[in-house]
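Student: Here it is, the structure in full.
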Amino acid sequence: MPPLRPIASRLFEVRSLVRKIHPKKSPTDKYIKTQSHQLLTYYPPDISLLQFSKQDTKLSALGLVDVWYERQLAREKALEARGKTVRGSVTGEMYKPPTDGKAGKKGKKRK
């Protein structure tokens with residue numbers, strides 16, 4: 001078996017192969033953007049990411065909706081309609097155990 005080349009030269013070879021597969025779109029790109037990276041980091045160009053991260057009130061005109069929150073709220077309402085208890089509420093209410101029936105510490109068994 002031939003001896004292995006240094007790690008730096010092997011990494012350089014891998015990087016050059018990756019650049020052939022995923023070419024940069026412009027010379028100012030610092031890293032290679034794959035399709036999945038573009039999908040995960042896409043925002044419309046007229047939205048400032050800083051304002052978006054601070055939940056600026058100027059963005060309220062866009063009518064953005066927190067889809068996850070709405071789904072959780074609908075799930076909670078469905079559980080309550082079926083008579084189930086909601087343990088982790090998104091509305092900020094603490095979980096309260098049901099008061100019907102026995103409540104308290106479990107007693108020791110005596111022989």
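In full-length UniProt numbering, the protein residues as written are 1 to 111.
The beta-carbon is built from N, C-alpha and C at its ideal position, and this holds for glycine as well.
What is the DSSP secondary structure of L73, reduced to helix, strand or coil?
Tutor: Residue state, collapsed to three classes: helix.
Student: Does the separation of the CB atoms of E76 and V65 fall below 9 Å?
Tutor: Not closer than 9 Å, so no.
Student: Could you check the C-alpha separation between S9 and S16 for me, to the nearest Å?
Tutor: Straight-line Cα distance between these residues: approximately 11 Å.
Student: Reducing DSSP to helix, strand and coil, say where K106 ends up.
Tutor: Here K106 sits in coil by DSSP.
Student: Can you tell me where the alpha helix (DSSP H) holding K20 begins and where it ends?
Tutor: Residues I7 to I21.
Student: Secondary structure at T57, three-state DSSP: helix, strand or coil?
Tutor: Here T57 sits in helix by DSSP.
Student: Classify S89 as helix, strand or coil using the three-state DSSP reduction.
Tutor: S89: coil per DSSP, three-state reduction.
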